[in-house]
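Heads up, the thing below is written out as structure tokens.
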Amino acid sequence: MNQKEQTEAPLIHSGEWKIHYDYAVGETATQFFLRLRDQGKIAGKKCPSCQGVLVPPRAFCERCFVQTEEWVDVGPEGTIEAFTIVYEPFDGLPEPPYAVAYVTLDGATTAMANFVRALDLSDPEVAARQLAVGNRVEAVFADAREGAVTDFYYRLM
Ligand SMILES: [Zn+2]
791 MNQKEQTEAP LIHSGEWKIH YDYAVGETAT QFFLRLRDQG KIAGKKCPSC
841 QGVLVPPRAF CERCFVQTEE WVDVGPEGTI EAFTIVYEPF DGLPEPPYAV
891 AYVTLDGATT AMANFVRALD LSDPEVAARQ LAVGNRVEAV FADAREGAVT
941 DFYYRLM
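Under this note's numbering, think of the first position of the sequence shown as 791, with each following residue one higher.
Given below as structure tokens:
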């Protein structure tokens, strides 16, 4: 390494991306969201090889590399696998504070993230204890659903 490389700081450019886009969610996610919107149910797809129920559903099992075909309704109750409480604002997300948890819904073998609502987040330590891994939640469905993940949220039981 020569002297010049040792003394120059890395060059940094600032930038900002603000992009609106529409995209097709695909056949599997379309079925998932339509079932959520029209029936108020959360469904996964079952792997014919390992029998895992993947939620959110995938067209292929990522462990076995085989196509999934059978739909299985899961929940509405489940177990917290991980959580975070957000106290800083992010573009496109709700005003903080809010909580997000990964939950394995009953009957599923994978966890799905969503907001945890109806929870006092004013004291982070108290809220964190309530959101502890292993605690139980239930999915609560919106009355007016639009076929999006925000059609339901988790609530502590
Ligand atoms: Zn599998």
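Every residue gets a Cβ at the ideal spot worked out from N, C-alpha and C, and that includes glycine.
Check	Outcome
Quick check on the contact list: which residues have their beta carbon closer than 6 Å to a heavy atom of ligand 1?	837, 839, 840, 842, 851, 853, 854
Can you check the region 793 to 861 for any beta strand (DSSP E) of at least 3 residues that lies completely inside it and give the ranges in chain order?	832 to 836
Take the Cβ of residue 853 as the centre, count every other Cβ of all protein chains shown within 10 Å, and call the residue buried at 16 or more, exposed below.	exposed
Among 828, 835, 806, which has the Cα closest to the Cα of residue 818?	835
Would you report the Cα separation of residue 969 and residue 888, rounded to the nearest angstrom?	This structure leaves residue 969 out entirely; the chain is present only between 791 and 947.
Could you give the residue range of the alpha helix (DSSP H) that holds residue 890?	Not the alpha helix (DSSP H): residue 890 falls in the beta strand (DSSP E), residues 888 to 895.
Can you give me the Cβ contacts of residue 864 inside the same chain, cut-off strictly under 8 Å, excluding the 5 residues immediately before and after it?	832, 833, 834, 843, 845, 895, 896, 897, 898
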